[in-house]
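Following my numbering, the numbering of the sequence shown begins with 3 at its first residue and continues without gaps.
Even for Gly, the Cβ is constructed at its ideal location relative to N, Cα and C.
Please read the structure below before turning to the comments.
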Amino acid sequence: MRKLAIFFILSGIIAIVGWYNGLDLPTLSWFFESSEKFGYICGALAITLGISMLFSGKKSFDFKPITVRRWRRFKSIRRGYWSFLILIGLVVFASLDQLVVGKRALIVKHDGELHFPAFMQKSYKNSEFGIGGDVADSNVNYRDLKKRFSKEGSDWVLMPPIPYDPTYDTISAISKDVKIENNVVYSSLSGKKYNGLAAKLYFEDDPKSIHIRYKYRNGIRTGEAIGKNKKRQTVYIATYKEGELVKDSYTGDGSKEEFLSLASSPLRRIFYNPSPSSWKDRHLLGTDSSGNDIFAYLYGGLQVNFKAAILYIPCVYLIGITIGLLMGYYGGTFDIIVQRLIEILSNIPFLFVILILSGLVPEQYRGLGMILIILSVFGWMGMTYLMRTAALKEKARDYVAAARVMGASTPRILFKHILPNSVAIIVTLVPFSISSVVLALTSLDYLGFGLPPEYAAWGKLLQNGLANLSAPWIVSSAFFMLVLVLVLVTFIGEAVREAFDPKKFTTYR
């Protein structure tokens, strides 16, 4: 317990001090990005929680024998236990944040000095890395800076493994090699004779730097070919028929022969968005129709779902558990009034509320917080009846009567006596609540009433994939991640429910 308390204290202090001093630390800056006040509040809560645990007098967690037996039972259910470990691994992976995915460089060495753009809140300008001209005051494109430094050979840039942001970091196209056999061009993807456009590029890693672009039909050069100079102006036009040059014209500087002999890449096929995977360009799963890297987008969506679960579960359970315990403990008029209120809220069309608020709430207030508030308003009612039933059963026990006689207050009876004896209900509900919030966010985003564009959302990616079935890597990637998370959570929920089953540890007569 002491180690966990120190972890909370250090996390809160590092988060607050780091953000105040202009640092952007992985995971610890999540809550500051939405609102600085909210970030400082969360940091203070972490410190307070750690201090309270540190001075509670307990050096370690004192697990009761029944808890130990439940944990052993959970571990014995291999499917649920391994799902739990995989989910923890995904949480750790998502918490690495810009160390794994991001367009900002981890380290930049320039003029003997080291810079850490990915861990700073400020945006570096091109002029700070020796780039002048019209773009001197523009923000640095670190992918281009890495190429520039690689050519110069003096300084260097270290990028994350996936050098793209989940959103607002699009590319226009990628290029791939084609196979040429006996002057016939074959697709490197299907192996069949190629139909479409292919080009020679001035710079192999820049699909826009076209030297000459040709049309191919059944692998043979046919139709119009267009040549451009390095300023990307069209200076050469040619016509081919069955692989033979019919006519051409050149209007650029110098001679036609000099233009045709300019250094350029071998013939490459250019893929405009959505484009397939390209290990060379670090697009491991390709891009969507907007040019977003799918791996980065899935990673951002994973982070959004974990953030939602971290914020949603405590809020919903705090409301649902408190109201449910009060209903069961007091009963009578209070119980009837709250039941009628729940019935009214449960009959309000959830989707209509989202539609109305989407139109009424100003754009600057739309985001994950607003969606979670709406979900919380409707999400606490299900567990309320379960906690009400538990309170009705437990308040008739002798230990509750003894606590009353000894003068224990109502909050103490509810949260120190009844609640711990109802923990099995809470623990078994948590995995399924996580599934519900992930599904709710995905469904709302798929319908277009979810998160703003700056959030990576799996529902939007599913919608994009279904609208572009000719690019199956989009919908398959989104579907796989969604199913993976939901299956893992479901397996964990089943194992927890089995481990906390009272029939495993008691005998009824």
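Extent of the continuous beta strand (DSSP E) run through W158 | Position 156 of the sequence shown, counted from the first residue, corresponds to residue 158. W158 to L160 is the extent of the beta strand (DSSP E) around W158.
Run of the alpha helix (DSSP H) containing Y1, from where it starts to where it stops | Nothing about residue 1 can be reported from this structure: the residues present for the chain run from 3 to 511 only.
Residue(s) in a DSSP beta bridge with N141 = Here residue 141 refers to the residue found at position 139 when the sequence shown is read from its first residue. In DSSP, N141 forms a bridge with K127.
Inter-stretch contact at 8 Å, needing at least 3 Cβ pairs: the stretch 485-496 / the stretch 429-441 | Yes, the stretch 485-496 touches the stretch 429-441.
Expected contact under 8 Å - CB spacing of Y401 and G326 to nearest Å = On the sequence shown, residue 401 is found 399 positions in, with the first residue counted as 1. On the sequence shown, residue 326 is found 324 positions in, with the first residue counted as 1. Contact doesn't hold; Cβ gap of about 19 Å is too wide.
Which residues share a DSSP beta bridge with G229?
-> Within the sequence shown, the letter at position 227 stands for residue 229. In DSSP, G229 forms a bridge with I214 and Y238.
Where does M122 fall in DSSP's three states?
-> As a working mapping, residue 122 is identified with position 120 in the sequence shown. It is a strand residue.
Does the stretch 26-40 come close enough to the stretch 113-124 that 3 or more CB-CB pairs lie under 8 Å?
-> yes
First and last residue of the alpha helix (DSSP H) that includes I18?
-> The residue labelled residue 18 in the question sits at position 16 within the sequence shown. For I18, the enclosing alpha helix (DSSP H) covers residues R4 to Y22.
Mark K153 as exposed unless 16 or more other C-beta atoms lie within 10 angstroms of its C-beta, in which case mark it buried.
-> Numbered from 1 along the sequence shown, position 151 holds the residue referred to as residue 153. Exposed, since its Cβ has fewer than 16 Cβ neighbours within 10 Å.
Cα-Cα separation, A265 to Y204 | What you label residue 265 is simply residue 263 of the sequence shown in a count that begins at 1. What you label residue 204 is simply residue 202 of the sequence shown in a count that begins at 1. C-alpha separation (whole angstroms): 7 Å.
Check the Cβ-Cβ distances between E183 and every residue of chain C, and say whether any is below 8 Å.
-> Judged by its chain identifiers, the structure shown contains no chain C, having just a single protein chain.
Can we say the stretch 173-184 touches the stretch 208-219, given the rule of at least three CB pairs closer than 8 Å?
-> yes
Do N231 and G254 have their C-beta atoms within less than 8 Å of each other?
-> For this step, residue 231 is matched to residue 229 along the sequence shown. For this step, residue 254 is matched to residue 252 along the sequence shown. The answer is yes: Cβ separation under 8 Å.
Would you mind giving the Cβ-Cβ distance between I476 and P168, rounded to the nearest angstrom? I have them listed as a contact below 8 Å.
-> Here residue 476 corresponds to residue number 474 of the sequence shown, with the count starting at 1. Here residue 168 corresponds to residue number 166 of the sequence shown, with the count starting at 1. Incorrect: roughly 14 Å between the Cβ atoms, too far for contact.
Check whether the Cβ atoms of A459 and V306 lie closer than 8 Å to each other.
-> Reading the sequence shown from its first residue, position 457 is the one you call residue 459. Reading the sequence shown from its first residue, position 304 is the one you call residue 306. Closer than 8 Å, so yes.
Could you name the residues that DSSP lists as bridge partners for A175?
-> One-based indexing of the sequence shown puts residue 175 at position 173. Looking at the DSSP assignment, A175 forms a beta bridge with Y274.
Alpha-carbon spacing of F273 relative to L92, whole angstroms = By one-based count along the sequence shown, residue 273 stands at place 271. By one-based count along the sequence shown, residue 92 stands at place 90. CA-to-CA, the gap between F273 and L92 works out to about 31 Å.
List the whole-angstrom C-beta distance separating L353 from Y457, where the pair is believed to meet the contact cut-off of C-beta under 8 Å.
-> Residue 353 sits at position 351 when you count from the first residue of the sequence shown. Residue 457 sits at position 455 when you count from the first residue of the sequence shown. Actually they do not touch by this definition, with Cβ atoms about 19 Å apart.
Under the three-state DSSP convention, the category V498 falls into | Within the sequence shown, residue 498 is the residue found at index 496, counting from 1. Note: V498 maps to helix in three-state DSSP.
Assign D99 to buried or exposed, taking buried as 16 or more other Cβ atoms, counted over all protein chains shown, within 10 Å of its Cβ.
-> Your numbering for residue 99 matches position 97 in the sequence shown. Buried: at least 16 other Cβ atoms inside 10 Å.
Beta-carbon proximity list for G245, same chain, < 7 Å, skipping 5 on both sides | Position 243 of the sequence shown holds residue 245. Cβ within range, chain order: N185, I222 and R223.
Along the chain, where does the alpha helix (DSSP H) that runs through K258 open and close?
-> Taking the first residue of the sequence shown as 1, we reach residue 258 at position 256. From DSSP, the alpha helix (DSSP H) with K258 extends over K258 to L262.
Cβ neighbours of L51 in the same chain (closer than 6 Å, five flanking residues each side left out) = On the sequence shown, position 49 is the one that residue 51 refers to. Once the five neighbours on either side are set aside, the close Cβ partners of L51 are F10.
Check each candidate in L453, Q465 and V102 and name the one with the smallest Cα separation from R368.
-> The sequence position of residue 368 within the sequence shown is 366, counting from 1. When C-alpha distances from R368 are compared across L453, Q465 and V102, the shortest belongs to L453.
May I have the straight-line CA-CA distance separating A398 from P316, to the nearest angstrom?
-> Residue numbering aside, residue 398 sits at position 396 when the sequence shown is read from its first letter. Residue numbering aside, residue 316 sits at position 314 when the sequence shown is read from its first letter. C-alpha separation (whole angstroms): 28 Å.
Within the same chain, show all residues whose beta-carbon is closer than 8 Å to that of S378, passing over the 5 residues directly before and after it, in chain order.
-> Position 376 of the sequence shown, counted from the start, is the residue given in the question as residue 378. Counting only Cβ-Cβ distances below 8 Å, and skipping sequence neighbours, we find Y314, C317, V318 and I321.
For my contact list, N88 and F297 are in at a C-beta cut-off of 8 Å; report their separation, rounded to the angstrom.
-> Here residue 88 refers to the residue found at position 86 of the sequence shown. Here residue 297 refers to the residue found at position 295 of the sequence shown. It is Ile, not Asn, that sits at residue 88 in the sequence shown. With 8 Å as the limit, I88 and F297 do not qualify as a contact, their Cβ atoms being about 18 Å apart.
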